[in-house]
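Colleague: In the numbering used here, the protein residues as written are 90 to 503.
Can you keep this structure in mind? I'll have questions shortly.
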Amino acid sequence: MVAVSVAYGLSLGCMSAIPGAWRRTAAGAGLLAPDGAVAPTIFAEMSAAAVEHDAINLGQGFPDEDGPAEVLEAARAAIANGANQYPPGRGIPDLLAAISEHQQRFYGLAVDPASEIIVTAGATEALTATLLALIDSPDDEVVVFEPYYDSYAAAVALAGARLRTVPLRRPDFQPDLERLAETVTDRTRIILVNDPHNPTGVVFSRAVQDEIVRLAEKHDAVIVTDEVYEHLTFTGPHVPLAILPGAAERTLTISSAGKTFSTTGWKIGWIHGPADLITAVLTVKQYLTYVNGSAFQPAIAAGLRLPDSFFTDATATLARKHEILGAGLRAAGFTVNAPQGGYFTVADATALGGSDTAAFCRAMPERAGVVAIPMSAFVSAEHQKDYSGLVRFAACKRTSVLEEAASRLAAARW
Ligand code: PMP
Ligand code: GLN
Numbered sequence: 090m091v092a093v094s095v096a097y098g099l100s101l102g103c104m105s106a107i108p109g110a111w112r113r114t115a116a117g118a119g120l121l122a123p124d125g126a127v128a129p130t131i132f133a134e135m136s137a138a139a140v141e142h143d144a145i146n147l148g149q150g151f152p153d154e155d156g157p158a159e160v161l162e163a164a165r166a167a168i169a170n171g172a173n174q175y176p177p178g179r180g181i182p183d184l185l186a187a188i189s190e191h192q193q194r195f196y197g198l199a200v201d202p203a204s205e206i207i208v209t210a211g212a213t214e215a216l217t218a219t220l221l222a223l224i225d226s227p228d229d230e231v232v233v234f235e236p237y238y239d240s241y242a243a244a245v246a247l248a249g250a251r252l253r254t255v256p257l258r259r260p261d262f263q264p265d266l267e268r269l270a271e272t273v274t275d276r277t278r279i280i281l282v283n284d285p286h287n288p289t290g291v292v293f294s295r296a297v298q299d300e301i302v303r304l305a306e307k308h309d310a311v312i313v314t315d316e317v318y319e320h321l322t323f324t325g326p327h328v329p330l331a332i333l334p335g336a337a338e339r340t341l342t343i344s345s346a347g348k349t350f351s352t353t354g355w356k357i358g359w360i361h362g363p364a365d366l367i368t369a370v371l372t373v374k375q376y377l378t379y380v381n382g383s384a385f386q387p388a389i390a391a392g393l394r395l396p397d398s399f400f401t402d403a404t405a406t407l408a409r410k411h412e413i414l415g416a417g418l419r420a421a422g423f424t425v426n427a428p429q430g431g432y433f434t435v436a437d438a439t440a441l442g443g444s445d446t447a448a449f450c451r452a453m454p455e456r457a458g459v460v461a462i463p464m465s466a467f468v469s470a471e472h473q474k475d476y477s478g479l480v481r482f483a484a485c486k487r488t489s490v491l492e493e494a495a496s497r498l499a500a501a502r503w
């Protein structure tokens, strides 16, 4: 990740005298400055900047409208009906059943609710617990596509493994298959795949997916997928890696209710896969949070059972928002990459003088009254120049908010 002094304006303080795993975690995430100062995550920093400058927050990916009323009501009812104590360690049976039904209904995947699923505190806990559970040596490698979601490098560093990256290059952000094949070796313990992808918005081609599975089999690696945007694909139905031939027995599939049901604060996620791998992850997960969200679990079970129209409408609504955002960004002088899935549109600010994307995004709240996230926050220090000028904008906001943001950006003087 980019050096802290370049990417971030804030610091939480100098902690160089405090030993501990926090240090390699912060360094992995690019949050540790050479003088020992540690910065907050880019999302915390940019959301704070939005408040400070009364700017429109197109940075952190959270919706500004509530999700389906049935889901919200089910959580209220669960609290009223006493679902307020520890749920079972793997999750309540009704949610485990609903996740299994969901995987069968949308993907034809058969998943045993009793032994092959765990409910987690969001996708974040599922990812970190998996890395902590499966990494066993500093020589273990985790292959990720770069740019990558911020928690990946942090959790790989915490787990004590080595991060290996495969670049996603403009204009289409698909990885080069030869580069992928060179990067996955017998040292690879895990190939971690986020699809649809945050921040680029890419959906991996079938050729890329096939190659991931082939390489995982060849080198006996575990595939870990992060599919939190599974219901927000604009180019066709989502294809989970676990349905590809040979994949299911070595794949841990992670998802979350946050994006699908606009409940990012509830932190209900899940992971499923072969029973032995799931037991390994559970062994660690039970000492992280043990359990969470007793009243939210039945509500998400209700959400997962909503009719198909809910899921298709949510996708169509978000696709429309991306179009409105994209048109606004083009009118303001950005070059826009139309996303294939997920919450985010990536735009190039080079024509506006924004090739130093971190500096550009740090100035944007005051200059334009809009907050966005610099791509530099998702890229390791040595690859910064490949992504210069790129800015990530969240489209998961009301249309009127997107329009106002676009007109502010068009009016700004850079
Ligand atoms: N993975 C990706 C790609 C994300 O964008 C996010 C954030 N929404 C997460 C994981 C974290 O998900 P959760 O809030 O369920 O922990
Ligand atoms: N997933 C959200 C994003 O990419 C951020 C979540 C967080 O703040 N950690 O914007």
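Ideal Cβ positions, reconstructed from N, Cα and C, are used throughout, including at glycine.
For a test of your reading of the model: does the CB of Tyr175 fall under 7 Å from any non-hydrogen atom of the ligand PMP? Yes or no.
Modeller: Against the sequence shown, residue 175 aligns to sequence position 86. Not so, every heavy atom of the ligand PMP lies at least 7 Å from the Cβ.
Colleague: Along the chain, which unbroken stretches of the beta strand (DSSP E) at least 3 residues long are found entirely within the region 163 to 250?
Modeller: Entirely contained in the region 163 to 250, the beta strand (DSSP E) runs reaching 3 residues are, in chain order, 206 to 210 and 230 to 235.
Colleague: Compute the Euclidean distance between the alpha carbons of Thr289 and Ala346, then round it to the nearest angstrom.
Modeller: For the purposes of this step, residue 289 is taken as the residue at position 200 of the sequence shown. For the purposes of this step, residue 346 is taken as the residue at position 257 of the sequence shown. Cα-Cα distance, rounded: 21 Å.
Colleague: Pull up the distance between the alpha-carbon of Thr254 and that of Phe433, whole angstroms please.
Modeller: Position 165 of the sequence shown, counted from the start, is the residue given in the question as residue 254. Position 344 of the sequence shown, counted from the start, is the residue given in the question as residue 433. Cα to Cα, the separation comes out at about 21 Å.
Colleague: Where are the alpha helix (DSSP H) runs, 4 residues long or more, that stay fully inside the region 457 to 501, in chain order?
Modeller: Those alpha helix (DSSP H) runs which fall completely within the region 457 to 501 and span 4+ residues are 488 to 500.
Colleague: Figure out for me which residue from Tyr238, Ile413, His327 and Ala167 has the closest Cα to the Cα of Gly150.
Modeller: Within the sequence shown, the letter at position 61 stands for residue 150. When only C-alpha atoms are compared, the closest one is Tyr238.
Colleague: At the level of alpha carbons, what is the spacing between Gly98 and Ser136?
Modeller: As a working note, residue 98 is residue 9 in the sequence shown. As a working note, residue 136 is residue 47 in the sequence shown. The predicted position of Gly98 is uncertain, since its pLDDT is 46 and thus under 50; a value taken from the coordinates is nonetheless stated next. Their backbone Cα atoms lie some 13 Å apart in a straight line.
Colleague: For the ligand PMP, is there a heavy atom less than 7 Å away from the beta-carbon of Thr322?
Modeller: For the purposes of this step, residue 322 is taken as residue 233 along the sequence shown, with counting starting at 1. Checking the Cβ of Thr322 against the ligand PMP gives no.
Colleague: Going by beta carbon distance, what residues of the same chain come within less than 7 Å of Lys374, once the five residues before and after it are set aside?
Modeller: Residue 374 sits at position 285 when you count from the first residue of the sequence shown. Only Ile207, Thr209, Glu214 and Ala218 meet the Cβ criterion.
Colleague: When you compare each of Ala391, Gln429, Ile145 and Glu141 to Pro182 by their alpha carbons, which one comes out closest?
Modeller: Translated into positions along the sequence shown, residue 182 becomes position 93. Checked all of Ala391, Gln429, Ile145 and Glu141; the closest Cα to Pro182 is Ala391.
Colleague: So the candidates are Ala250, Ala128, Glu267 and Gly249; which of them puts its Cα closest to the Cα of Leu257?
Modeller: Here residue 257 is taken as the residue at index 168 of the sequence shown, counted from 1. The residue with the shortest Cα to Cα distance from Leu257 is Glu267.
Colleague: Please classify Thr406: is it buried, with 16 or more other beta-carbons within 10 angstroms of its beta-carbon, or exposed?
Modeller: As a working mapping, residue 406 is identified with position 317 in the sequence shown. Thr406 is exposed by the Cβ-count criterion.
Colleague: Considering only DSSP beta bridges, list what Phe350 is partnered with.
Modeller: Numbered from 1 along the sequence shown, position 261 holds the residue referred to as residue 350. Beta-bridge pairing links Phe350 to no other residue.
Colleague: Which stretch, first to last residue, makes up the alpha helix (DSSP H) that contains Asp402?
Modeller: Taking the first residue of the sequence shown as position 1, residue 402 is located at position 313. Asp397 to Ala420 is the span of the alpha helix (DSSP H), which, as asked, contains Asp402.
Colleague: Going by the C-beta, is Thr342 closer than 7 Å to any heavy atom of the ligand GLN?
Modeller: Start at 1 with the first residue of the sequence shown, and residue 342 comes out as number 253. For the ligand GLN, not one heavy atom lies less than 7 Å from the Cβ of Thr342.
Colleague: Quick check on the DSSP output: the beta strand (DSSP E) that includes Leu393 runs from which residue to which?
Modeller: Here residue 393 refers to the residue found at position 304 of the sequence shown. Leu393 -> not in any beta strand (DSSP E); alpha helix (DSSP H) instead, spanning Phe385 to Leu393.
Colleague: Is the closest heavy atom of the ligand GLN to the C-beta of Phe132 under 7 Å?
Modeller: For the purposes of this step, residue 132 is taken as the residue at position 43 of the sequence shown. Indeed, a heavy atom of the ligand GLN lies less than 7 Å from the Cβ.
Colleague: Which whole-angstrom value is the C-beta distance of His308 and Thr277, which I expect to be below 8 Å?
Modeller: On the sequence shown, position 219 is the one that residue 308 refers to. On the sequence shown, position 188 is the one that residue 277 refers to. About 5 Å separates the two Cβ atoms, so the contact holds.
Colleague: According to DSSP, is Val380 helix, strand or coil?
Modeller: Here the question's residue 380 lines up with position 291 in the sequence shown. Val380: coil per DSSP, three-state reduction.
Colleague: Provide the residue span of the beta strand (DSSP E) that contains Phe262, from first to last.
Modeller: Here the question's residue 262 lines up with position 173 in the sequence shown. No beta strand (DSSP E) holds Phe262; DSSP gives it neither H nor E.
Colleague: Would the beta-carbon of Ala153 fall within 8 Å of that of Val490?
Modeller: For the purposes of this step, residue 153 is taken as the residue at position 64 of the sequence shown. For the purposes of this step, residue 490 is taken as the residue at position 401 of the sequence shown. Strictly speaking, residue 153 in this sequence is Asp, with Ala absent from that position. Yes, Cβ-Cβ distance for Asp153 and Val490 is below 8 Å.
Colleague: Is any heavy atom of the ligand GLN found at a distance shorter than 7 Å from the C-beta of Asn283?
Modeller: Along the sequence shown, one-based indexing puts residue 283 at 194. Flag unset: Cβ of Asn283 not near the ligand GLN.
Colleague: Kindly indicate which residue of Leu395, Pro202, Gly211 and Ile389 has the alpha-carbon position closest to the one of Asp315.
Modeller: Residue mapping note: residue 315 aligns to position 226 of the sequence shown, counting from 1. Checking every option, the nearest Cα to that of Asp315 belongs to Gly211.
Colleague: Let me check understanding here. Comparing Cα to Cα, which of Tyr241, Glu190 and Ala501 lies closest to Arg394?
Modeller: Working through the sequence shown from its first residue, we reach residue 394 at position 305. Among Tyr241, Glu190 and Ala501, the Cα nearest to that of Arg394 belongs to Glu190.
Colleague: Tell me which same chain residues have a C-beta within less than 7 Å of the C-beta of Gly57, skipping the five on either side of it?
Modeller: Outside the displayed span of the chain (90 to 503) sits residue 57, for which this structure offers no information.
Colleague: Of all residues in the structure, which have a C-beta closer than 5 Å to any heavy atom of the ligand FAD, taken in chain order?
Modeller: Among the ligands present in this structure, namely the ligand PMP and the ligand GLN, the ligand FAD is not found.
Colleague: Is it buried or exposed for Leu498, if we count other Cβ within 10 angstroms and need 16 for buried?
Modeller: Locating residue 498 in the sequence shown gives position 409, where the first residue counts as 1. Looking at its Cβ environment, which holds 16 or more other Cβ atoms inside 10 Å, Leu498 is buried.
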